[in-house]
Structure formats: C-alpha cells, structure tokens
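Below you'll find the structure, written out as structure tokens, and then a few comments.
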Amino acid sequence: MSFTTAVIGGTGFSEFVGMTSDRWEQVRTPYGPATLARGQVADVDMVFLPRHGRPAQLPPHAINYRANIRALYNLGVSRIIAVNAVGSVTPDIPVPALVIPDQIIDYTWGRHHTFHGRDIRHIDFTEPFDPQLRERLCDITKQMGSPHRLVGVYGCTQGPRLESAAEIQRMGRDGCDIVGMTAMPETALARELEIPYASICVNINPGAGLAGSDHMDFDSMSAALETGMDSVRKILERFLTLE
Numbered sequence: 004m005s006f007t008t009a010v011i012g013g014t015g016f017s018e019f020v021g022m023t024s025d026r027w028e029q030v031r032t033p034y035g036p037a038t039l040a041r042g043q044v045a046d047v048d049m050v051f052l053p054r055h056g057r058p059a060q061l062p063p064h065a066i067n068y069r070a071n072i073r074a075l076y077n078l079g080v081s082r083i084i085a086v087n088a089v090g091s092v093t094p095d096i097p098v099p100a101l102v103i104p105d106q107i108i109d110y111t112w113g114r115h116h117t118f119h120g121r122d123i124r125h126i127d128f129t130e131p132f133d134p135q136l137r138e139r140l141c142d143i144t145k146q147m148g149s150p151h152r153l154v155g156v157y158g159c160t161q162g163p164r165l166e167s168a169a170e171i172q173r174m175g176r177d178g179c180d181i182v183g184m185t186a187m188p189e190t191a192l193a194r195e196l197e198i199p200y201a202s203i204c205v206n207i208n209p210g211a212g213l214a215g216s217d218h219m220d221f222d223s224m225s226a227a228l229e230t231g232m233d234s235v236r237k238i239l240e241r242f243l244t245l246e
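In the numbering used here, the protein residues as written are 4 to 246.
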C-alpha cells in the first residue's frame, strides 16, 4: 500500500495530534531503520515520521536523514511536508509567525548528504522546495489567518548549539531570513529521490543579537512553539482534506 502524503515532524511536533489508527513501526533501509507511523487524518491515509526519533532524543546533527527519506521512498509517498522550528534572522518576522521558505543556504558539515556514494550525480537544486507543493501550502496558510510570511531563505546550521550574534549577522548579509538546524540534507535527499518536498516553519525566537533576543527564554520559546504548532496542525489537516 502506498501513501500520498508524509509529514516529517520536528521540535514541538513529535506527535500528530488528531492522527487515528496510527501503527508505529520501524522501516529498514540500507542506511539503518527509521521510526514512523501509518495512520489517518480526516479519513485520509498518511505517514508521520518524527525526525528526532520516538521519543524525541536525536539532536539535529545526529539525525539519520538518509534512513528517514529512504523509508518514505520505500513506502511510496508522493510528497513530503516537513515541519521545522526556527529562529528569525531578519527583525520583521514576528513570533510565532509561520514561514513557508522558498530557498535555502546550507551551513552544515559532516552530515551524510547524498545517497549516491562514489557515483557522481548532480541534481538540479535551483528551487529546493517544490513550487507546486509550496503554492498549495501558501494558499491554505493565507486562508487560516495566522501571522505568516510566504517566502524566505532558510539558513541551516549544524547545531546543536544556538548561533552567535556574529553568525546571525553573517547569515543576514548572506540573505537568510530564518535559521534552523534540520532542513539539510533532508531537502536535498528528497530531491535526489524525486519526492516533492516543502516546509512549514514556526518562528519561535529572534536570532542572537536581534532586538528582543535578550528577553527570550526557553519558557517563552516553548509557548511560541505550542501556539505555532497548533496553527501548523490545522494547516496540515486542511491540506489533507483537500486531497
């Protein structure tokens, strides 16, 4: 049995509240096992994969991105929607706004970022996020009325530490709008296997050195995360009911 849509959950979205008949399992791949659930949301079959594991214990740099994406490929999913918690690099993105990024800059290192090993294969990554999938998510996000930004450059850092003020300044000069730790190599791996992929990001804090960042603590970020992820859940439910 193949599934049309897979959702990859991140920090604050390690369970899909509202998913029924969920059957948790480990899918074996050449890169190791991946933990996921098959179930239904609004009577629509779908797959949910918590990228940090179950329970959520894996830091961003230790996630087995290849196993996760290959497992979804093995199940025959035709699209992936990723959920990411991020910080803002530009000061005009409020907390907890939703961002649907259209571009990405990769600052990570040492991660297994391709399926091809010694084979030389170049993928077109001009538009890293699938334009048609992004358009559908943008349309639904506008209808839901939550604070949002429908374009943005995602800067992906290595983690697990947060960034320095100088790093945020550099990312701003590079053109980044938001910063997170999990979109790469996930985005590129999905492209290698030709699975349309898009991301919904929740901005939970201003980046280091930005106005307001000195007043953010983990309690405030947790509250923003909860509010933002509730909006994400509603968008995903709406997306699935329109399939």
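Virtual Cβ for every residue (Gly too), placed ideally from N, Cα, C.
Given the structure is predicted, the values throughout are model-derived calculations rather than measurements.
If you draw a straight line from the alpha carbon of G35 to that of L75, how long is it in whole angstroms? 13 Å
Integer-rounded CB distance, given that N206 should sit under 8 Å from I238: Rounded, the Cβ-Cβ distance is 15 Å, inconsistent with contact.
Given that a residue counts as buried once 16 or more other Cβ atoms are within 10 Å of its Cβ, and exposed if not, what is S81? exposed
Out of I143, A186, P63 and G21, state which residue places its alpha-carbon closest to the alpha-carbon of I107. A186
Span separating the alpha-carbon of L192 from that of A226: 32 Å
Grab me the residues of R41's own chain with a C-beta within less than 6 Å of its C-beta, minus the 5 sequence neighbours each way, in chain order. R26 and V50
What's the call for D122, buried or exposed, on a 16-neighbour Cβ count within 10 Å? exposed
Beta strand (DSSP E) containing D133: first to last residue? Here D133 belongs to no beta strand (DSSP E), and DSSP marks it neither H nor E.
Across the region 87-98 and the region 128-147, are there enough close Cβ pairs to call them in contact, namely three or more that are closer than 8 Å? no
Using alpha carbons as the reference points, say which of L243, M174 and S234 lies closest to L213. M174
Element boundaries [beta strand (DSSP E), containing F51]: V47 to P53
Hey, how far is the Cα of L165 from the Cα of D109? Rounded to whole angstroms, the gap between the alpha carbons of L165 and D109 is 16 Å.
Are R152 and V20 closer than 8 Å when you measure CB to CB? Contact flag unset, no.
Could you have a look at P36 and say whether DSSP puts it in helix, strand or coil? strand
For I198, which residues of its own chain have a beta-carbon under 6 Å away from its beta-carbon, when the five flanking residues on both sides are left out? I83
Inter-residue spacing [alpha-carbon to alpha-carbon] between A88 and R124: 31 Å
Return the bridge partner residues of Y157 from the DSSP annotation. I107 and I181
For G178, tell me which candidate among S91, A59 and A201 has the shortest Cα-Cα distance. S91
Where does Q60 sit, in a helix, a strand or coil, going by DSSP? coil
Less than 6 Å between C-beta atoms, sequence neighbours within five positions excluded: which residues of the same chain meet that for A85? I11 and S202
Alpha carbon to alpha carbon, how far is E28 from R57? 11 Å
Thinking just about the alpha-carbon of each residue, which of S24, P53 and A211 is nearest to the one in Q172? A211
If you draw a straight line from the alpha carbon of L136 to that of T117, how long is it in whole angstroms? 23 Å
Where the alpha helix (DSSP H) through R69 begins and ends: Y68 to N77
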